[in-house]
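Enquirer: Residue numbers (the working numbering): 1 to 88. Even for Gly, the Cβ is constructed at its ideal location relative to N, Cα and C. Note that the structure is a prediction, hence the values are computed from the model and not measured. Got a structure here, written out as structure tokens. Questions coming.
The structure is reproduced here in structure tokens:
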């Protein structure tokens with residue numbers, strides 16, 4: 001969500017501040033400029049999602065390695081605790 005907000009703030013700066021007039025004075029149409037900015041925001045969002053996914057995976061791997069357990073044992077323990085609580 002923060003990435004999308006950041007993209008909107010950058011686009012607002014391009015429209016309302018002095019360097020923005022250079023962007024819209026190029027031979028590109030306004031629709032192409034807006035679509036490009038949306039595409040770059042989407043790519044940044046996907047890139048950050050990938051980085052966070054890798055970091056979360058690395059964190060889980062390090063915790064499991066430190067405890068000497070496997071992912072299967074951890075999932076069985078979670079399943080057992082859920083079953084004990086009466087949640088199916």
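How far does the alpha helix (DSSP H) with residue 7 in it extend, from its first residue to its last?
Expert: Unbroken alpha helix (DSSP H) run through residue 7: 2 to 16.
Enquirer: For the structure I just gave you, are there three or more beta carbon pairs, one from the region 25 to 32 and one from the region 48 to 68, closer than 8 Å?
Expert: Short answer: they don't touch.
Enquirer: Compute the Euclidean distance between the alpha carbons of residue 83 and residue 38, then round it to the nearest angstrom.
Expert: One C-alpha to the other measures close to 45 Å.
Enquirer: Just to confirm the assignment, what range does the alpha helix (DSSP H) spanning residue 68 have?
Expert: Run containing residue 68: none; DSSP gives neither H nor E here.
Enquirer: Between the Cα of residue 6 and the Cα atoms of 81, 51, 34, 45, which residue gives the shortest distance?
Expert: Measuring from the Cα of residue 6, the nearest candidate turns out to be 45.
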